[in-house]
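Taking it in order: structure first as structure tokens, then the write-up.
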Amino acid sequence: MFKTMSIDFFLFTLFSSFALIASLMVISLKNAVHSVLFLILVFCNIAGLLLLFGAEFLSFMLLIVYVGAIAVLFLFVVMMLNVKAASTTINSFSVLPVGILIFLILFSQLSSTATNFDVFSLQQNELIWVSWILEKDNTTNIEVVGKVLYTHYSLLFLLSSLILLVAMIGAIVLTMHQRTDVQKQKIDIQLARSFEGAVKFITLRK
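Last residue of the sequence shown? That's 219 in the numbering used here, and every number before it is there in order.
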């Protein structure tokens with residue numbers, strides 16, 4: 014039992030440390046492509062933490078939605094716009110008060126949450142055998158999340174999908190470059206053309 018607990022605590026420490034280091038690299042690197050890659054690494058570590066806590070549905074949804082869609086979209090947009098390094102240098106001391114304020118707010122939220130949950134007190138004295146045949150009638154994580162998401166938070170769900178749609182349209186508009194040296198079809202001129210002048214018969218000499 015101690016071995017199982019030590020493995021769980023080791024994985025929790027591993028995922029947490031990698032997520033913290035990767036998140037610091039996201040905000041400290043000047044190369045936008047490298048920042049997006051470290052952001053994907055943060056999402057993967059958070060998915061590992063959720064899977065370790067038993068929220069497998071949220072873990073796989075984080076991988077599918079954030080890593081498979083949003084982060085890849087960020088990466089494509091950054092690579093298409095050719096944003097490699099920051100063009101302007103920002104003084105670190107000018108943004109230091111804002112960073113300290115955000116850190117204190119997040120730290121207060123985490124400390125208030127940690128008072129109700131203690132990782133080190135997770136102990137299991139005896140093995141509990143679970144009969145999965147009897148568990149088949151219970152409500153799964155997917156059903157619980159679906160009932161909450163599509164009832165109480167349906168408006169927020171629709172608003173978030175609208176925001177993602179606007180972001181996708183914005184990425185398409187930013188990456189579209191109107192070139193003047195490319196020959197394009199003019200559908201209105203083609204449709205307005207008379208059929209009499211479209212075909213021309215030529216008699217060749219024998």
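Even for Gly, the Cβ is constructed at its ideal location relative to N, Cα and C.
Secondary structure of residue i, DSSP reduced to three states
i	result
Thr164	coil
Val91	helix
Gln196	coil
Thr26	helix
Glu209	coil
Phe120	helix
Asn154	helix
Ile20	helix
Ile182	helix
Phe106	coil
Thr126	helix
Ile176	helix
Phe170	helix
Val187	Reading the sequence as shown, one finds Leu at residue 187 and not Val. Looking at Leu187 - three-state DSSP - the assignment turns out to be helix.
Ile9	The first residue shown for the chain is 14 and the last is 219, placing residue 9 beyond what the model contains.
Cβ shell of residue i (< 6 Å), same chain only, five flanking positions each side left out
i	result
Leu24	Leu65
Val39	Ser48, Phe51, Leu52
Leu54	Ala35
Val46	Val91
Ser29	none
Close-in-space but distant-in-sequence residues of the same chain around residue i (CB under 8 Å, 5 per side omitted)
i	result
Lys160	none
Ala184	Leu86, Phe89, Val90
Lys199	none
Assigned exposure category for residue i - 16 Cβ within 10 Å defines buried
i	result
Ala35	buried
Phe170	exposed
Ser72	buried
Phe120	exposed
Tyr166	exposed
Leu63	buried
Tyr163	exposed
Gly67	exposed
Gly224	Examination of residue 224 is not possible in this model, given that the chain is present from 14 through 219 alone.
Gly61	buried
Ala82	exposed
Chain-order list of residues whose beta-carbon lies under 7 Å from that of residue i (same chain, five-residue window excluded)
i	result
Ile59	Ala32, Leu75
Ser174	none
Phe70	Asn154, Ile155, Val158
CB contact below 8 Å: residue i versus chain C
i	result
Asp150	The structure shown has no chain C; it contains just one protein chain.
Check: residue i C-beta below 7 Å from any heavy atom of the ligand HEM
i	result
Glu69	Looking for the ligand HEM in the displayed structure turns up nothing, as the structure carries no ligands at all.
> Taking the runs of the alpha helix (DSSP H) that are 4 residues or longer, which of them lie wholly in the segment 28-88?
Replying inline: Whole alpha helix (DSSP H) segments, 4+ residues: 45-65, 69-74.
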